[in-house]
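Protein chains in written order, with the working numbering: chain A, 7 to 208; chain B, 353 to 429. For every residue, glycine included, the Cβ atom is placed at its ideal position computed from N, Cα and C. Here's the structure, in structure tokens; my notes come after.
Written as structure tokens, this is what we have:
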């Protein structure tokens, strides 16, 4: 997992960077590069795009650090900049996605939640490239806000509060979208495993 | 699907908006202990999240990208 970051150290480095100390900024870049690079990779699934996000984010941080007032956590501010860049890039892709209404109708209603059977076979044997691509494809069809919530909360392991601040939505909205995204992915995976099981039999 | 299961899945869905280990509803947790079907449903949702994490592990920033980044920011290591 990522390097553990000490908040007091970060506050000091931010203050030093604002005063023009380049060594302090170098340390900030080094402390957070891996997180931002992986956030880009997970949202955009492409190492070139992740590299762009990394560069654009730290250029923006360098340019805007004097306007960072410290009311929010530096970490949250940094993630917000990176997530916005990643989402802007994502919007340029032509993806077929479900709508918010689709998600609400199909993954929120006890009468409509499709409950697929979960096949019983060794899942660890399935963790190959094809399986990873299938999961990526499923996440690709999630509306942008669901994808962001899922990646920030479940993959990057940020709290609901942090996710809410980064995306500028309420904590209730984070929870409801997280719930639908998780149920959607569970059902998608169950269907995939059903197909996988049929192929094994044939 | 049995009525109780539909209702419980809906409750599980609400629970799922919380942190997965959050003890949000004692009644639901008690039900899960007694109902293998519902327990299995919740476990498979948790497993889905874990499988995504396992297939998308964090990668280190490539060395050449680190250098390029520091150069573009006019920073020296």
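Is there a Cβ of chain B sitting closer than 8 Å to that of residue i, yes or no?
{"i": "residue 173(A)", "result": "no"}
{"i": "residue 57(A)", "result": "yes"}
{"i": "residue 35(A)", "result": "yes"}
{"i": "residue 61(A)", "result": "yes"}
{"i": "residue 192(A)", "result": "yes"}
{"i": "residue 85(A)", "result": "no"}
{"i": "residue 27(A)", "result": "no"}
{"i": "residue 164(A)", "result": "no"}
{"i": "residue 40(A)", "result": "yes"}
{"i": "residue 153(A)", "result": "no"}
{"i": "residue 72(A)", "result": "no"}
{"i": "residue 32(A)", "result": "yes"}
{"i": "residue 11(A)", "result": "no"}
{"i": "residue 52(A)", "result": "no"}
{"i": "residue 43(A)", "result": "yes"}
{"i": "residue 8(A)", "result": "yes"}
{"i": "residue 103(A)", "result": "no"}
{"i": "residue 160(A)", "result": "yes"}
{"i": "residue 143(A)", "result": "no"}
{"i": "residue 206(A)", "result": "no"}
{"i": "residue 47(A)", "result": "yes"}
{"i": "residue 93(A)", "result": "no"}
{"i": "residue 18(A)", "result": "no"}
{"i": "residue 68(A)", "result": "yes"}
{"i": "residue 80(A)", "result": "no"}
{"i": "residue 148(A)", "result": "no"}
{"i": "residue 65(A)", "result": "yes"}
{"i": "residue 96(A)", "result": "no"}
{"i": "residue 15(A)", "result": "no"}
Does residue i come within less than 8 Å of chain A when only Cβ atoms are used?
{"i": "residue 412(B)", "result": "yes"}
{"i": "residue 384(B)", "result": "no"}
{"i": "residue 418(B)", "result": "yes"}
{"i": "residue 353(B)", "result": "Per-residue confidence for residue 353(B) stands at a pLDDT of 43, beneath the threshold of 50, marking its modelled position as unreliable; no derived number is given."}
{"i": "residue 423(B)", "result": "no"}
{"i": "residue 406(B)", "result": "yes"}
Rounded to the nearest angstrom, how far is the Cβ of residue i from that of residue j, given a contact under 8 Å?
{"i": "residue 31(A)", "j": "residue 68(A)", "result": "7 Å"}
{"i": "residue 57(A)", "j": "residue 50(A)", "result": "Incorrect: roughly 10 Å between the Cβ atoms, too far for contact."}
{"i": "residue 417(B)", "j": "residue 141(A)", "result": "Residue 417(B) to residue 141(A), Cβ: 25 Å. No contact."}
{"i": "residue 22(A)", "j": "residue 427(B)", "result": "So it is not a contact: roughly 13 Å between Cβ atoms."}
{"i": "residue 404(B)", "j": "residue 35(A)", "result": "Not a contact, Cβ separation roughly 28 Å."}
{"i": "residue 83(A)", "j": "residue 196(A)", "result": "Contact doesn't hold; Cβ gap of about 39 Å is too wide."}
{"i": "residue 96(A)", "j": "residue 150(A)", "result": "6 Å"}
{"i": "residue 87(A)", "j": "residue 63(A)", "result": "5 Å"}
{"i": "residue 394(B)", "j": "residue 384(B)", "result": "6 Å"}
Whose CA, out of the options, lies closest to the CA of residue i?
{"i": "residue 421(B)", "options": "42(A), 123(A) and 110(A)", "result": "42(A)"}
{"i": "residue 401(B)", "options": "163(A), 18(A), 9(A) and 146(A)", "result": "163(A)"}
{"i": "residue 392(B)", "options": "114(A), 122(A), 107(A) and 46(A)", "result": "122(A)"}
{"i": "residue 90(A)", "options": "108(A), 71(A), 45(A) and 54(A)", "result": "45(A)"}
{"i": "residue 10(A)", "options": "26(A), 40(A) and 24(A)", "result": "40(A)"}
{"i": "residue 226(A)", "options": "73(A), 152(A), 100(A) and 72(A)", "result": "In the structure as shown, chain A begins at 7 and stops at 208. Residue 226(A) is therefore absent and cannot be evaluated."}
{"i": "residue 199(A)", "options": "396(B), 408(B), 413(B) and 386(B)", "result": "396(B)"}
{"i": "residue 20(A)", "options": "81(A), 63(A) and 105(A)", "result": "81(A)"}
{"i": "residue 54(A)", "options": "92(A), 181(A) and 24(A)", "result": "92(A)"}
{"i": "residue 102(A)", "options": "147(A), 15(A), 201(A) and 14(A)", "result": "147(A)"}
{"i": "residue 47(A)", "options": "424(B), 423(B), 409(B) and 425(B)", "result": "409(B)"}
{"i": "residue 411(B)", "options": "8(A), 205(A) and 169(A)", "result": "8(A)"}
{"i": "residue 85(A)", "options": "180(A), 171(A) and 187(A)", "result": "171(A)"}
{"i": "residue 99(A)", "options": "52(A), 75(A), 126(A) and 14(A)", "result": "52(A)"}
{"i": "residue 72(A)", "options": "25(A), 94(A) and 65(A)", "result": "25(A)"}
{"i": "residue 12(A)", "options": "139(A), 165(A) and 79(A)", "result": "79(A)"}
{"i": "residue 201(A)", "options": "126(A), 135(A), 187(A) and 70(A)", "result": "126(A)"}
{"i": "residue 295(B)", "options": "111(A), 18(A), 33(A) and 205(A)", "result": "The structure shown does not extend to residue 295(B), since chain B is modelled only from 353 through 429, so no value can be given for it."}
Residue i: beta carbon under 7 Å from a heavy atom of the ligand SAM?
{"i": "residue 36(A)", "result": "Looking for the ligand SAM in the displayed structure turns up nothing, as the structure carries no ligands at all."}
Under 8 Å: do the region 126-144 of chain A and the region 174-181 of chain A share three or more Cβ pairs, one atom per stretch?
Segments in contact, no.
Are the region 184-198 of chain A and the region 154-161 of chain A in contact at 8 Å, needing three or more beta carbon pairs?
Output reads yes: the region 154-161 of chain A touches the region 184-198 of chain A.
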